[in-house]
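This report concerns only the one structure given below.
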Amino acid sequence: MKPLFTVTDITKRFGSVTVLDGVSLNVRAGEIHALLGANGAGKSTLCKIIAGLLTRDGGAMSIANEKSNAADAYLPRDKQTAERAGMQIVQQELNQVSTLTVAENIFLTRMPSVLGVIRKRQLADRARQILDRFDLNDVATDAIMGTLGVGRQQMIEIATALDRQCRLLILDEPTAALGVRETERLFERLRALRDQGIGIIYISHRLDEVAELSDRITVLRDGKHVCTEETSSLTTDDMVNLMAGKSTGQRHSFHSYATGETAMHVSGITAGVVQDISFSVRHGERLGIAGLVGSGRTELLRAVFGADIAEQGTVQVGDRLATRFSHPRQAVTAGLAMVTEDRKQNGLLLRQPIRFNTSIGSLGKRFASLGVIRKQRERQAAEAMARKLETKCNNIDQLVATLSGGNQQKVAISKWLVRDAEVFLFDEPTRGIDVAARRQIYRLIESLAQAGKAIVIVSSDLDELLETCDRIGVISAGKWIADFQRGCWSSDQIMQAAFAGYRRAEAIA
Amino acid sequence: MITKQMKGTVLQYGGLLTALALLILVFSLRTDSFFQISTAKLIANQIPELTLLAVGMTLVLVIGQIDLSVGSVMALAGAVLGVLMAKHDWSLGPAILASLATAATCGWATGAISIWFRIPSFIVSLGMLQIARGATRRLLESKTLTIGSDVAVISEPLAGIGLSPAFLIAIVAVFAVQFLISSTVFGRYCVAIGTNAEAVRMSGIRTTPYAIAVFVISGLLCGLAGLAPTSLMEAADPGMGNGIELSAIAACVIGGTSLMGGRGNAISTFLGVLVIAVLQTGLSRMSVEDANKQIITGVVIIIAVLIDTVRRNWEKSEA
Amino acid sequence: MITKQMKGTVLQYGGLLTALALLILVFSLRTDSFFQISTAKLIANQIPELTLLAVGMTLVLVIGQIDLSVGSVMALAGAVLGVLMAKHDWSLGPAILASLATAATCGWATGAISIWFRIPSFIVSLGMLQIARGATRRLLESKTLTIGSDVAVISEPLAGIGLSPAFLIAIVAVFAVQFLISSTVFGRYCVAIGTNAEAVRMSGIRTTPYAIAVFVISGLLCGLAGLAPTSLMEAADPGMGNGIELSAIAACVIGGTSLMGGRGNAISTFLGVLVIAVLQTGLSRMSVEDANKQIITGVVIIIAVLIDTVRRNWEKSEA
Amino acid sequence: KGSATTDAPNSDSSTKPKVALIMKSLANEFFSTMASGAEMHQQDSGEYELVVNGIKDERDVSRQVALVQEMVASNVDAIVIAPAESQALIPSLRRAIKAGIIVVNIDNKLDAEMLSKEGLQIPFVGPDNRAGARAVGDYLATQLAKSDSVAILEGLQTSENGRARKAGFEDAMNAAGVTIVDSQSAEWEMSKANEIASSMLSEHTEIKAILAANDSMALGAIAAARSVGRSDDLLIVGFDNIAAVQTAIRDGKVLATADQHGDQLAVYGIETALKLIEDKTTAVVDVETPVDLVIKETLVAKENLDAK
Ligand SMILES: Nc1ncnc2c1ncn2[C@@H]1O[C@H](COP(=O)(O)OP(=O)(O)OP(=O)(O)O)[C@@H](O)[C@H]1O
Ligand SMILES: Nc1ncnc2c1ncn2[C@@H]1O[C@H](COP(=O)(O)OP(=O)(O)OP(=O)(O)O)[C@@H](O)[C@H]1O
Ligand SMILES: O[C@@H]1[C@H](O)[C@H](O)CO[C@H]1O
Ligand SMILES: [Mg+2]
Ligand SMILES: [Mg+2]
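Which chain is which? The protein sequence lines are A, B, C and D, in order. Number 149 in my numbering belongs to position 149 of the first sequence; there are no gaps in the numbering. Number 246 in my numbering belongs to position 246 of the second sequence; there are no gaps in the numbering. Number 71 in my numbering belongs to position 71 of the third sequence; there are no gaps in the numbering. Number 112 in my numbering belongs to position 112 of the fourth sequence; there are no gaps in the numbering.
Dropping the structure here:
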């Protein structure tokens, strides 16, 4: 079968660092082609070059001519020329305009207009159709984008891209912020598009997804092409080994470190959609919180942490007094730490170096005397942390904005590891993190548990919770529905619980 | 539907309208002559230039840029008008076109230099402020140039309504720019560029032409603004609009436009202009010592914005 | 190691130093008296106030805020000094403390109001600009108040080095603020707040006290700035520092400080001040016609920043 | 404090004529003196109401135009104005006159040619700035030798009296055969004057004297003289006779200035306006107010007089 799209010997350098080194790849029409690689392997960079968002330093690309048998050289000047040639991309990082409405974002490049005046009705109607097609019925077309959760925004971004005519569709970690339901829906659409003869490049760190969805797999390592294989010929373990270039060892067998001592007790928290939620977490315990996108998990954690002031409820850490935190400062002083979901918005100082980001939470505590920063110590700690998490960077003075998505997430976590705390709240801790690194983070969380820390993990990746937690709580439509101990759970039960709140709501309506 | 929209409008402009109403109330109680139609007409005929500049500035701020040169570009436009009419006997129409073209060119230059070379527009427009002012003074030889009553028509109140063409132009500009921002592709791109230029670029839209176009529009509005005082004084004045850029920006910010880009509303800006104008007019009616007037001006501006901020937060907690 | 650091320094400040060198070269060729030690000393004794204001402004810009009131707060500090010494016979030391306290209070008020109520500091400081100026004029009854030579010591060149205490204070402030920004917890928090205040908050740090402290420091520096001209003139002048805020911001921006927050360097700001000062002095040495002075000033400021921008891009492509 | 008669619930307030005093550049001591002179006069006489207004910055001519309109709208009987500009204010004053308001021009003379072209008669009450500057210049010349060099600090180049004073200085220097080696505008401001005078003195070391078109700039020149180490031998003259310069004259730092009796200037204008209000048939004539040379001896003499 002749390829739809071919990449030959692509090279890309940032300054003196080579991030793509002679990568070749081809995608057939009607194929889902997975692109795998560890964080910083160069997947996003390659896709950006294809989509016309970056210029390559060397190599060539070509796309099959629709009429003849020949292939035309493909050299996009910018995104527009790439789109004209039939390329569509959903990027790893959200690229929304937070002050525009949902409809305006969807139609940003093709607003229905007469003489430059937007036809608002038509805009709303068409946006409605697109949203409905993705079961986003409850998103208003005139809602301001910035007020939606990350998951919603990601869905909207995907819906936008899938709606457009294209020949090659690139999805860069589309499911990182999606829940099970959304992921299912997306897969249906992707299979339908494949059947229409569209070529799809699919990037994900969720290897089960890749195994389920893709036809072929290309693995990149350190900017180099490792191999391209039929999906059916690889196990997920093979994939991991190919990506890492070495055997990363087996899945850890689970070991619980939970003690009997309560580390944090949350009682009666009400905030936004969250209604009267109470739960406890013990020292050494890892508590997972599952739920659908928009069910209120992030809001719960934010209210506990004092990032939003809860309308009701209290948090008790250790044997301190039960209080309602009104500023994260109080929570941190009490011994809480929180890795936020939206790292760009409130987790990272993107325009600052890794070093600043790593030390920001503990400057006063660990890296200063008399208010003067002890830079040597700061540097050492940041370097140690980068090594420990295997953050891929040139050095710790690299701006966080120039790191790959997964490595940004590592920096966001490292801030709290350096600071230390009694209770760790993780909101989607491995979003965009590669398998190997994910294992590291699981091990890290495990060692925190071993050290007696209490841990709360919110994740849309159920497997992740199943793998790492002592206990899993399920939130549905803002309510705490159920609580499962390890050993007493099945993913089916958990999914049922996650839908429960919505069923009841539907029944009432 | 309509009531909902009306409620929305009241909410949106409620804070500023309250501040304005309070000001008018106080001045009406403290002076004999304030609460009169004539005062309203007077203010209407005094604010065209600030309105036009502030409305243009709103657009510039929306895309996350700033233009400090508006006052001198306006003066330059007036100077061109004056020189052409008084020294070269041009008639009003062509002279207006020439002065608008000059102002638009200045706006274009500011925009192009700062966008192409990625120099902060603060600096480029500060440079343009000096350049345009210097050019104005050269053109006018640092003297006021009397043009004569040919030019008066622009600011002469129209029989019947008592409002000048300049004011009407300013009002049209307010609504036109608001329409531009809220209902056109161009305007939405401006908001988008001001919010997240990177995302706009990523979606394949070239931001440069839009950004530069905004500066051109702002320049054009400066040109229009220059007509009003020139016509009122029947003379081109080399010092015209000195320092007015701060008032123009203040009007925008009072109206809730963000200096960080991505948010702006021309109608609110207009309300901001009104706050400033009512304050000035009211204070000059009262015999308060000048130093105290200054203190009061400062306090009132802060309070006006405070009221608006409180309103906004209240609305948020409502929603 | 050292050479690497030196290379870094040259690179960092290279653009501005080049612009400065070019300016000095041109003026030296075009006038008889420019290229002399005496000129350097003269400039050194003229820039303390702008340096102090600009350095404070750098900090304010770093946290993503702005302070337009610096010129009037500086005047107010001068007025307090003058009134206490000339009318109440205070001696220099206590009078200085009182005027610094006044200025710091103004800074605190601007900061507190804008941070607590989330009102843009642009507006609050614009209000403070008016309030402080009005207060200055009330204090001085709008008149220049002669203080006498008791106050002269601050700007009297010290025997031997020919530099005034005011200049030395300004230099100390430059390095102190640079140290603050680059090497202290406080400064790091400021940079972080200017980059992403929400992320700082989510790291468990209260941003409010830091932001307000920055305004207090800026106020304090305005107070120090007010001492220099008051001492030079041996008089408190109600019009002192009128419009100087734009020059202060310009110096920061020329020095590469971002108006969006998160980036600022006091030493570069100082180089920005030098560019402005050398330009002004040079042009008045040449006794260029006023209108042309303005045009040249505008063009040179743009070019200076252009050179720096080109340097930066070149450096980036090197890295 | 202030002149807040409009606030007074005084019943006969409507019968008293209302006079608006509009000045330029309230930042300048000259005008605050003028304003307090007028307010004092109003309080003493009690025959009229007074509203005082001014613009912050002399360059802001259109703000002054707006003020004229505001005063017309608030139904004053007379406007006494120190125009920031000698031509640009005329159209709005014309409208004021059409609305039946008496207009009197003080301090800075409106353009005579344009007034006559417009067929307007507005009395000018004020000094002859050129003559005043000439007197100051002549006195300075007595301390200079032929072919000595001097420099001028001009006022705002857009202001008529600034230009007149420069002309007066030039007249005097030319008559004495003194060379003017440099002349730049310091825009009436002290610190600008310091900066420019410093440069002038560095570039032209031969300068023997600086003629400043107002006293604020003279104060700036003093500071400049100190900066370049010329405190002892540089001669400085100014214009306005503000308090700070009186001190400087006594200390020998300034040689001379001109007193244009700022505190009385507005009063003269107001009196003229009141006369015209009372009797509209009064002939409209200009009133030339005195400008007096002020030197150390004048001040000492005045002190002795006050002491008695
Ligand atoms: N603008 C830039 N400047 C410098 N280095 C960059 C820049 N953009 C990307 N890089 C580097 O290029 C490398 C590849 O990044 P890329 O984003 O392609 O990785 P990725 O495979 O998508 O990783 P992830 O799975 O974490 O998303 C990374 O090491 C990153 O730090
Ligand atoms: N700033 C906001 N303004 C308005 N609504 C919001 C805001 N943030 C969240 N929401 C809404 O609150 C609800 C709960 O969102 P939350 O982010 O807590 O859910 P989640 O379970 O964490 O899902 P996600 O994966 O989207 O983060 C959603 O309906 C979301 O749209
Ligand atoms: O006459 C006055 C004073 O001399 C003042 O110093 C400046 O403005 C002029 O009009
Ligand atoms: Mg990536
Ligand atoms: Mg969430």
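We treat Cβ as the ideally placed atom computed from N, Cα and C, and that holds for glycine. Quick caveat, the model's predicted, so the values are computed rather than measured.
Looking only at C-alpha atoms, which of the options sits nearest to residue i?
i      : options                        : result
A:I269 : A:G260, A:G306, A:R387         : A:G306
C:V55  : C:A135, C:E289, C:L274         : C:L274
D:A197 : D:A141, D:I210, D:E39          : D:I210
C:F175 : C:S268, C:Q130, C:T207         : C:S268
C:W108 : C:I212, C:A251, C:G261, C:I307 : C:I212
D:G37  : D:D263, D:G238, D:I152, D:M217 : D:D263
C:V124 : B:N265, B:S121, B:R311, B:A304 : B:A304
A:S476 : A:A500, A:Q485, A:R486, A:L466 : A:A500
D:R95  : D:A66, D:I106, D:K275, D:N108  : D:A66
Going by DSSP in three states, residue i sits in which element: helix, strand or coil?
i      : result
A:G288 : strand
A:K224 : strand
A:L495 : In the sequence under discussion, the amino acid at residue 495 of chain A is Met, which differs from the Leu named in the question. Helix at A:M495.
A:G371 : coil
D:A212 : strand
A:W480 : strand
A:P353 : strand
C:P94  : helix
C:P157 : coil
A:V273 : coil
B:P238 : coil
A:V293 : coil
D:R130 : helix
Since residue i and residue j are thought to touch, with beta carbons under 8 Å apart, how far apart are those beta carbons, to the nearest angstrom?
i      : j      : result
B:R138 : C:A21  : Not confirmed; about 29 Å, so no contact.
C:T297 : C:L279 : 6 Å
A:R286 : A:I457 : 7 Å
A:D463 : A:G473 : The Cβ separation is near 17 Å, so there is no contact.
D:E70  : D:V52  : In fact, because the Cβ distance is near 13 Å, the residues do not count as touching under 8 Å.
B:L16  : B:A170 : Incorrect: roughly 18 Å between the Cβ atoms, too far for contact.
Looking only at its chain, what residues have a beta carbon closer than 8 Å to the beta carbon of residue i, apart from the 5 residues adjacent to it on each side?
i      : result
C:Y210 : I63, F186, Y189, C190, I193
A:H255 : E446
A:D492 : none
D:N10  : With a pLDDT of 42 at D:N10, under the threshold of 50, the predicted position of this residue should be treated as unreliable, though the coordinate-derived value follows. Around D:N10: no qualifying Cβ.
Using C-beta distances below 6 Å, list every residue in its chain close to residue i, excluding the 5 sequence neighbours before and after it, in chain order.
i      : result
B:P165 : I154
C:S121 : Q65, I66, S114
B:M85  : A95, I147
C:S182 : none
A:V210 : A34, S204
Leaving out five residues on either side along the sequence, give the residues of the same chain with a beta carbon under 7 Å from the beta carbon of residue i.
i      : result
A:C393 : I354, A386, L403, N407
A:F187 : L213
I'd like to know if residue i contacts chain E, where contact means its C-beta is closer than 8 Å to some C-beta of that chain.
i      : result
C:T195 : Although the question refers to chain E, the structure presented lacks it and instead comprises the protein chains A, B, C and D.
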